[in-house]
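The next block holds one structure in the form of structure tokens; read it before the comments.
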Amino acid sequence: MEFLKKCLSLILFFVLSVNLYAAGHTEITWYGHAAFKIKTPTGKVMVIDPWLTNPANQAGKDNLSKLNKVDLILITHGHADHVGDSVEIAKKTAARLVTTYDLGAALVKYGGYPEKQVGYDTQGNTGGEISLLDDEVKIAFIPAVHSSTFTEPHGIKHIRSSGNAGGFLISIKNGPVIYHTGDTDLFSDMALIPRFRKVDIMLAAIGDHFTMGPQRAAEAVKLVQPDIVIPMHFGTYPILRGTPKALEEAIKIKNINVEIKVMKIGETLNHK
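When you line the sequence shown up against mature numbering (1 follows the signal peptide of the UniProt record, and there is no 0), it's residues -22 to -1, 1 to 250, in that order.
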């Protein structure tokens, strides 16, 4: 009888553990510009384009000092406002680098990213998908209409090629599918993304000038068909004049069925 009780207790513990895992939340924190932190239901941490110390984030230095656990650093392309604080974060946390092969090589050779934290298992290219963090996360490499160069710390005279710009489609086990557009213009092949995987959350650049503005971003939302769109890459500098309000108006005019979530810098969104 005692043995049976122990077996039942173990079974109950297993069932409760599975249910708690399945019911966990994914946390999405915005640091301004294109910088996000994603925490999975099991507590794994990814940061995307981690320029935490961007001019719009007054708490950036404090955020950076407190960021002590990161498993993966995802960088869409080589421009300084997306590489951001990645090397400092990598050296502090031993985070692996997720980029295209070309950008990874440039960051190691010219940017000081620890070579031992970069490998074929975390590098990919457009059209490919990799599985990481014990298969809890799948990351697909999505194209972007943009440029990608890496500027060494020595200045603009030391610009290095870093492959093609891109975005990421991040699928989290027992969590959402998140599309980070990176810096891009609208392109018609965005319509192919939901044919392969339903997008729950789209992190969409709207700033204009260097990326698509609100009008073109609204059309991108129409193609991708996410449940939620979070505008990003706006307002960091006056030149990035696209606004969430303009995006909301464009989406309303186009009669697109989507929830627009305008996040405050430092805010965290919990998603079941």
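Don't be surprised by glycine CBs; every beta carbon is placed ideally from N, CA and C.
Look at the beta carbons and you see the stretch 207 to 217 touching the stretch 176 to 188: at least three pairs across the two are nearer than 8 Å. Look at the beta carbons and you see the stretch 7 to 18 not touching the stretch 78 to 97: under three pairs across the two are nearer than 8 Å. Annotation: the continuous alpha helix (DSSP H) that includes isoleucine 171 extends over 171 to 174. Between valine 199 and isoleucine 229, the beta carbon gap of about 6 Å places them in contact (Cβ cut-off 8 Å). In its chain, beyond the 5 residues on either side, Pro154, Val155, Asp205 have a beta carbon closer than 6 Å to the beta carbon of aspartate 178. Secondary structure at glutamate 93: helix, using DSSP grouped into helix, strand and coil. The DSSP-derived three-state label of glutamine 101 is strand. From the listed residues Leu170, Ile150, Asp167, Val236, the smallest Cα separation to lysine 250 is found for Ile150. Sixteen is the threshold: when 16 or more other Cβ atoms of the shown chains lie within 10 Å of the Cβ of glutamine 101, as they do, the residue is buried. At a Cβ-Cβ threshold of 9 Å, arginine 175 and alanine 122 do not count as neighbours. Residues of the same chain with a CB within less than 6 Å of the CB of threonine 246, apart from the 5 flanking positions on each side, are Glu5, Thr7 in chain order. Rounded to the nearest angstrom, the gap between the Cα atoms of alanine 169 and glutamine 203 is 8 Å. Cα atoms of glutamate 66 and methionine 241: separation of roughly 25 Å, rounded to the nearest angstrom.
Closest by C-alpha distance to leucine 50, out of Val61, His187, Ala12, Arg74, is Arg74.
Per DSSP, reduced to three states, the secondary structure at tyrosine 9 is coil, with no helix or strand assignment. For glutamate 107, no alpha helix (DSSP H) segment is defined; the enclosing uninterrupted segment is the beta strand (DSSP E) at 107 to 110.
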